[in-house]
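*Asks:* Please read through the structure below; I'll follow up with questions.
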Amino acid sequence: MKIVIIGTNHAGIAAANTLLDNYPGHEITMIDRNSNMSYLGCGTALWVGRQIDQPNELFYARPDDFEAKGAKVLTETEVSSIDFEHKKVYATTKSGEERVEDYDKLILAMGSRPIIPKITGNELEGIHFLKLFQEGQAVDEEFAKEEVKRIAVIGAGYIGTEIAEAAKRRGKEVLLFDAESTSLASYYDEDFAKGMDENLSNHGIELHFGETAEAFKGTNGRVSQIVTNKETYDVDMVINCIGFTANSALVGDKLDTLRNGAVKVDKHQQTSNPDVYAVGDVATIYSNALQDFTYIALASNAVRSGIVAGHNIGGTALESAGVQGSNGISIFGYNMTSTGFSVKAAQKFGLDVAYTDFEDKQKAWFLHENNDSVKIRIVYEKSSRRIVGAQMASYGEIIAGNINMFSLAIQDQKTIDELALLDLFFLPHFNSPYNYMTVAALKAE
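Just so we're aligned, residue 16 is where the sequence shown starts under the working numbering, counting upward by one.
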């Protein structure tokens, strides 16, 4: 069987490895317009902020790895069109060679692309996006310039907040903009996110929330000002981090998609065309909190969806268990994790929810060193009382593992009442006999 995979980052790699390692004998072709593969973009801010030494460590696979297993890998090759009816992929190599790849099964793994704000001045030098390794390199080179002192970051989601921290670590003045009233508004409720806002402000990052960029102005072809709905600011550089959308232009109207272009799939990652699968950021995914398909662009989701597609194409029926959109962030030592829905997000999707909050020390009260407070919120549906979300924040690191319990609870449709008396181990080094997670559940109305 001939299998063509378009896209060689996390989802495409997971699909290829699953097929090559478990189902030998297939003819697999991997195509990507980039010169590299497997870049972990989540590490860009760590590298640019000099928290790790080398960006090379952010790659975990190379074309040689797949060629050694028998795959054909075409990097720096742009797919121009797909003939879904006759099962052909048309592409052009860096040297200009036109290629046609036939397939029996096709895996779409083109990922996502940055949302470009439709405002004047986008073409000016010094305005950057962050997605690819090359874009990280460009930002890193700008940070090295002494004349680049004042940086505007547009978008205070995870990437924007992380790159704001990185810029500050490199000694820059940082202005962080977002149309929302707080940072991280897509993942946390406002009163939760304010802890991160305070942390950012305490570290010298200038916050401009409730402001929308309306134009960029330049001097000698380079950006020198950002104009918002409130004021005009002098800047030396702009980094756009306002979000991503599915990179599905190749699909056109040949497959069913959401309004944002995400290719609709079932739990086998199969599209409306039974010979075409879509994985990662280009595809929808089943949300257990919503109990429906939606769009959640995360590397962890990409890997799982690639594995599912690989097994189904290989001949092993495998359904996705769905996801919760579990995520986390650590900025200047302040850690936040979430899974499922915030109250605001749940209400946006039409769920009638309630929530319960609690704050306590992470460990037993008689331990005074490295015993930070932890703040927790559990969101649950009023009618069924099933848990649909959780948020945690602390300067301690223990919360990173605890959020996974809530992810499993959402997946298995556990109720807030089942959590209240859950058997959780106690050891003073790690927690309290009155565990903050169960106490929060006990406080639920």
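Yeah, the Cβ is synthetic: ideal placement off N, Cα and C, and Gly gets one too. Just so it is clear, the structure is predicted and the values come from calculations on it, not from any experiment.
#1: Where are the alpha helix (DSSP H) runs, 4 residues long or more, that stay fully inside the segment 272-298, in chain order?
#2: In the DSSP assignment, the beta strand (DSSP E) including ARG237 goes from what residue to what residue?
#3: What is the rounded straight-line gap between the Cα of GLY172 and the Cα of GLY85?
#4: What residue range is occupied by the uninterrupted alpha helix (DSSP H) comprising PHE207?
#5: Looking only at DSSP bridge pairs, what is PRO129 linked to?
#6: I need the DSSP call for ALA314, collapsed to helix, strand or coil.
#7: Among GLY186, LYS17, GLY111 and PRO132, which one has its Cα closest to the Cα of VAL63?
#8: Less than 8 Å between the CB atoms is what I'm expecting for ILE346 and GLU180, so what's the real figure, rounded?
#9: Which residue comes first and which comes last in the beta strand (DSSP E) that contains GLU334?
#10: Counting C-beta neighbours from all protein chains within 10 Å, is the total for HIS326 16 or more, i.e. buried, or is it exposed?
#11: If I measure Cβ to Cβ from VAL291 and keep anything under 6 Å in the same chain, skipping five residues before and after, which residues do I get?
#12: Would you mind working out which of ALA459, SER388, ALA424 and GLY343 sits nearest PHE445, comparing C-alpha positions?
#13: Would DSSP call LEU366 helix, strand or coil?
#14: I believe ASN461 touches LEU313 by the beta-carbon criterion, under 8 Å. Please report the beta-carbon distance rounded to the nearest angstrom.
#15: State the start and end residues of the unbroken beta strand (DSSP E) segment that holds THR44.
#16: Which two residues bound the contiguous beta strand (DSSP E) that contains TYR451?
#17: Once DSSP output is grouped into helix, strand and coil, what is the label at ASN49?
#18: Indicate whether ALA324 and THR44 have their beta-carbon atoms separated by less than 9 Å.
#19: Give the DSSP bridge partners of THR390, in chain order.
#20: Assess, as a yes-or-no matter, whether the segment 42-57 is touched by the segment 127-135 under the definition of 3 or more beta carbon pairs within less than 8 Å.
#21: Rounded to the nearest angstrom, how far is the Cβ of ALA455 from that of ASP372, given a contact under 8 Å?
#22: I want to know whether the segment 296-315 touches the segment 406-416 - three or more CB-CB distances under 8 Å.
#23: Three Cβ pairs or more, each shorter than 8 Å: is that satisfied between the segment 212-225 and the segment 190-200?
#24: Considering Cα atoms alone, identify which of ALA336, ILE169 and GLY58 is closest to SER67.
#25: Between which two residues does the beta strand (DSSP E) containing GLY343 stretch?
#26: Span of the alpha helix (DSSP H) holding PHE148?
#27: Give me the Cβ distance between HIS203 and SER357, rounded to the nearest whole Å; I'm assuming they're in contact under 8 Å.
*Replies:* Short version:
#1: none
#2: 237-243
#3: 40 Å
#4: 205-217
#5: PHE259
#6: helix
#7: GLY186
#8: 5 Å
#9: Neither: GLU334 is in no beta strand (DSSP E) and is coded neither H nor E.
#10: buried
#11: LEU121
#12: SER388
#13: coil
#14: Residue numbering for the chain in the displayed model covers 16 to 460; residue 461 lies beyond these limits and cannot be assessed.
#15: 42-46
#16: TYR451 -> not in any beta strand (DSSP E); alpha helix (DSSP H) instead, spanning 451-457.
#17: coil
#18: no
#19: Residue 390 is actually Lys in this sequence, not Thr. In DSSP, LYS390 forms a bridge with GLU374 and ALA408.
#20: no
#21: 7 Å
#22: no
#23: yes
#24: A quick correction: the sequence has Ile, not Ser, at residue 67. Ranking ALA336, ILE169 and GLY58 by Cα distance to ILE67 puts GLY58 first.
#25: 342-346
#26: 148-158
#27: First, the amino acid is wrong: residue 203 is Tyr here, not His. With a Cβ gap of about 6 Å, TYR203 and SER357 count as contacting.
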